[in-house]
Amino acid sequence: MSTKILPEQETTPRTSHGDGDHERFAHYADRNKITESMVTGTPIRALCGKIWVPSRDPKKYPVCPECKEIYEGLPPGGGEGGDDKQ
Numbered sequence: 867m868s869t870k871i872l873p874e875q876e877t878t879p880r881t882s883h884g885d886g887d888h889e890r891f892a893h894y895a896d897r898n899k900i901t902e903s904m905v906t907g908t909p910i911r912a913l914c915g916k917i918w919v920p921s922r923d924p925k926k927y928p929v930c931p932e933c934k935e936i937y938e939g940l941p942p943g944g945g946e947g948g949d950d951k952q
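Position one of the sequence shown corresponds to residue 867 (my numbering), numbered consecutively onward.
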């Protein structure tokens, strides 16, 4: 048995918005994942597809129009953890 060392790769999460507007909005994501992400620093995916690490007060930003549209189209009751803004 041998051990192989893989070359280090830099990964940068991509967002679905090319113009930077995603930084101006609060996004919807699974509330359990938001909490975990804020503690561990692990990126999560919003309903609109944005990948980020939540770190700011969502009350200071308008809701992402894409997230809002998707959220309003979900059936009542949501999933396991529900969805919340961040």
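Glycine included, every Cβ here is placed at the ideal spot set by N, Cα and C.
Since the model is a prediction, treat every value here as computed from it, not as a measurement.
Less than 8 Å between C-beta atoms, sequence neighbours within five positions excluded: which residues of the same chain meet that for residue i?
i	result
I936	Y894, L913, C914
P941	none
E889	none
Starting from residue i and walking both ways along the beta strand (DSSP E), at which residues does that stretch end?
i	result
Y927	Taken as a continuous stretch (DSSP letters only), Y927 belongs to no beta strand (DSSP E), as it is neither H nor E.
A895	894-896
To which residues of the same chain is residue i closer than 6 Å at the C-beta, ignoring the five residues directly before and after it?
i	result
V919	S903, G907, P909
Between the C-alpha atoms of residue i and residue j, what's the straight-line distance to the nearest angstrom?
i	j	result
C933	K926	16 Å
R922	G939	26 Å
I917	T901	15 Å
Tell me, to the nearest whole angstrom, how far the beta carbon of residue i is from that of residue j; I am working on the premise that it is less than 8 Å.
i	j	result
P931	A892	About 11 Å separates the two Cβ atoms, so there is no contact after all.
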